[in-house]
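Going from the sequence shown to the working numbering is simple: count from 1 and add 247.
Quick reminder that beta carbons are idealized off the backbone N, C-alpha and C, glycines included.
As structure tokens, the structure follows; a few thoughts come after it.
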Amino acid sequence: MAKQERAVRTRATVLRSAAEIFDTDGFVSASLSSISHRAGVSSGALHFHFANKGALAEAIAEAAEQRLRRITGPAPEEPGGSGSAQGEVDLIQNLVDTSHQLFDELNSDVILRAGFMLGCEPSWPSLVDLHGQWRDWIQGTLQQAARSGALAEGTEPEDVVTVVAASTVGFEALGRKDPSWLSQQRLARFWQFMLPRLVPPGTGPQKQKQDQTQDQTQKQKQKQKQDQARKGA
């Protein structure tokens, strides 16, 4: 059991080290010797788990695929998906929230980040298409939202898919050089621009935000009245 646990830890350490080097140096420039050195393991230990650099990249891509699946959950039309149990407003809110979670994970999870990077690596044809899976999930969510009447009149789901997928994937690509592109503030500004064009007036996340603002304003007014009453007493 101790040997098995040690083997599992060694494999995880090598995988993370490879992801870190792929993330900073790219697939072509990364070497197995630099990966084993960073992981603190011998070349033999590395080759025990991974035959070559391609096997490492494939393992990272598969691990990143699992992470992306945990972030998005099932497609809306699948059992347990957002479209099977939630209302139309929640579909759009879930799209917004999921994109924020993805950006959080891209900032903190080097394996997820390396998986997306490897998907754009021309010298290594990955069998895993994370960008395509993200686009497909967005497409499923927006198609379900359209069927339930959650999109603004005249808004075509495919047009929104193009804008949202291209923008978020573009942020991810730009974020490799400048992390500010993956900031929550940047993404929030994107959705502030998009939502009024995406959902009917007075509905969706914009309506929820307005209600929250009104509630906060009302509470502030009540507090001011209470403070004035105390001063008058």
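{"query": "First through last residue of the alpha helix (DSSP H) which encompasses E400", "result": "Note, E400: premise wrong, no alpha helix (DSSP H); not H, not E."}
{"query": "Reduced DSSP category for W481 - H, G, I as helix; E, B as strand; rest coil", "result": "Summary: the structure shown does not reach residue 481, with the chain confined to residues 248 through 480, and so no result is reported for it."}
{"query": "Beta-carbon proximity of Q264 to S290, cut-off 9 Å", "result": "Here residue 264 turns out to be Ser, not Gln, going by the sequence shown. No; because the gap between Cβ atoms is not below 9 Å, this pair is not in contact."}
{"query": "As assigned by DSSP and simplified to three states, the class of A304", "result": "helix"}
{"query": "Beta-carbon separation (whole angstroms), V226 vs T260, contact threshold 8 Å", "result": "The question about residue 226 has no answer, for the chain in this structure spans 248 to 480."}
{"query": "Proximal residues to L398 (C-beta, below 6 Å), its chain only, five neighbours per side dropped", "result": "A392"}
{"query": "N299, buried or exposed, once every other Cβ within 10 Å from all chains shown has been counted against 16", "result": "exposed"}
{"query": "Among V357, Q432 and H378, the one whose alpha carbon lies nearest that of R347", "result": "Residue identity check: residue 347 is His in the sequence provided, not Arg. Nearest C-alpha to H347: Q432."}
{"query": "Residue closest to V408, alpha-carbon to alpha-carbon, out of W381, G422, A306 and D425", "result": "W381"}
{"query": "Assigned exposure category for R444 - 16 Cβ within 10 Å defines buried", "result": "exposed"}
{"query": "Same chain only: Cβ atoms within 6 Å of L389, ignoring 5 sequence neighbours per side", "result": "P404, V407 and V408"}
{"query": "Cα-Cα separation, W371 to L365", "result": "7 Å"}
{"query": "Coil, strand or helix - E309 by DSSP", "result": "helix"}
{"query": "Nearest-angstrom beta carbon gap, F295 and A306 [assumed within contact, 8 Å]", "result": "Not really, about 13 Å apart at Cβ, beyond 8 Å."}
{"query": "Cβ neighbour criterion (16 or more within 10 Å) applied to D270", "result": "buried"}
{"query": "F350 vs F274 beta-carbon contact at 9 Å", "result": "no"}
{"query": "Segment limits, alpha helix (DSSP H) that includes F295", "result": "S290 to H296"}
{"query": "Secondary structure of D356, DSSP reduced to three states", "result": "coil"}
{"query": "Sequence-distant residues of its chain with Cβ nearer than 7 Å to W428 (five each side left out)", "result": "F418, L421 and G422"}
{"query": "Check whether G362 and A310 have beta carbons under 9 Å apart", "result": "yes"}
{"query": "Residue nearest to V411 in terms of C-alpha spacing, selected from H378, Q313, R258 and P426", "result": "H378"}
{"query": "Under 9 Å between C-beta atoms of L359 and R314", "result": "yes"}
{"query": "L377, enclosing alpha helix (DSSP H) - first and last residue", "result": "L377 to R394"}
{"query": "E312 beta carbon less than 9 Å from that of R357", "result": "According to the sequence displayed, residue 357 carries Val and not Arg. In this structure, E312 does not lie closer than 9 Å to V357 by Cβ."}
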